Amino acid sequence: MYRTAPLGKRPRWWTELPLIAVVYAMYSAGRLLVRGDVQSAVDHGLSILDLEKTFRINFEHPLNRLFTEHASLGIPADFAYASLHYLLTPALLIWLFKCRPADYRPLRTWLMVSTLIGLIGFTLLPTCPPRLLDPGYGFVDTMAQYGSYGWWGGEASAPRGLGGLTNQYAAMPSLHVGWALWCGVVLWRYGRTTWAKIAGVVYPLAITIIVMGTANHYFLDAVAGAAVMGAGFLLARPVLRLVERIQGRFRATADAETSETPASVSGGCDTSAGTALPRSTPSGAGAPRDRSGAPERLREADASDQIPRQPARGGAVDSHPDGAAAATR
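So the sequence shown is residues 1 to 329, counted in the UniProt record's numbering.
Shown next, in the form of structure tokens:
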């Protein structure tokens, strides 16, 4: 797992919340709008099932029978499927934001990029989950079977009566498994206790079993969810660099606009720090024009003022200090 230095200061919650809300809204909108043709989704689901049977990796069949026959397994699995996906992931994001701000941005970016890739999968490959196939294929919808125990209905994990607001054919890839894998990495790498690290291993494995046992996903859906997270992990660093570059250009533009109108702090006087203003000169002496060497000229003027002048005839002081004129008199 890579680490990057924090971009500037600690992330601000009032910028992070809208960003996460936008990505989640895109995720929900993608599930709502990209429903696809039902028959096409069923065909895709059957193709996946046939491929699994060919390689004997259709693990969802025995797991679904186990969860259907044993309510002690099926009911907790339904609760986990309907809640943990929406509770644990945000909780870990908040924990990273507060306790590990230096790692928050890359991990948040990894999760968001992976989610957007998953939306592309929903768009290009609408897939009917096992629970919506004809009963002849051997699957039972445990969410409907144990619906009286929870808040969900017979339409995915949505609350009862709101199933029409979700796309039930967004099965490939399984973001339940993808997000659980992200949570597992966070718990394993940053968990402070042994139990946290154990949960980091158990949680994604348990969710993988649950999504198949409840007949919400095929095994290959789970594999695709893990692959999507891998792609998001590889793309997170380039995305962060692109964001940094864009932010740097905006900052450079703002700095350039600010430097074009420098503030005036001297009130129009061209003085530098540490330079004293010249003293007022005698009325007969001209003000020095060259600022450099001004103190030396002031000392010369003071010395010249100390030379006694010859009084003019009649006791008046000659107001013309011209040496040649005084000699003539």
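Note that the Cβ used here is the ideal one computed from N, Cα and C, for glycine as well. It should be emphasised that the depicted structure is a prediction, and the values quoted were computed from it without experimental measurement.
{"Query": "Length of the line joining the Cα atoms of residue 338 and Thr-208", "Result": "Coverage of the chain is limited to positions 1 through 329, which leaves residue 338 absent and any answer about it impossible."}
{"Query": "8 Å CB neighbourhood of Arg-100 in its chain, flanking five on each side removed", "Result": "Tyr-190"}
{"Query": "Three CB pairs or more closer than 8 Å across the segment 107–123 and the segment 135–154", "Result": "no"}
{"Query": "C-beta atoms of Gly-225 and Gly-184 nearer than 7 Å", "Result": "no"}
{"Query": "Terminal residues of the alpha helix (DSSP H) in which Val-211 lies", "Result": "194–213"}
{"Query": "Assigned exposure category for Ala-170 - 16 Cβ within 10 Å defines buried", "Result": "buried"}
{"Query": "Delimiting residues of the alpha helix (DSSP H) encompassing Ser-114", "Result": "101–124"}
{"Query": "Spatially closest choice to Phe-139 from Val-42, Val-202, Arg-131, by CA coordinates", "Result": "Arg-131"}
{"Query": "Under the three-state DSSP convention, the category Asp-50 falls into", "Result": "helix"}
{"Query": "Three-state secondary structure assigned by DSSP to residue 357", "Result": "The chain is shown from 1 up to 329; residue 357 falls before or after that span and cannot be answered."}
{"Query": "Supposed close pair Ser-148, Val-228 - CB separation, criterion 8 Å", "Result": "Not confirmed; about 34 Å, so no contact."}
{"Query": "Residues of its chain near Ala-231, where Cβ-Cβ distance is below 6 Å and the 5 sequence neighbours each way are ignored", "Result": "Ile-117"}
{"Query": "Start and end residues, alpha helix (DSSP H) containing Ala-180", "Result": "175–190"}
{"Query": "Three-way DSSP call (helix, strand, coil) for Ala-82 in this model", "Result": "helix"}
{"Query": "Cα-Cα separation, Ala-77 to His-61", "Result": "16 Å"}
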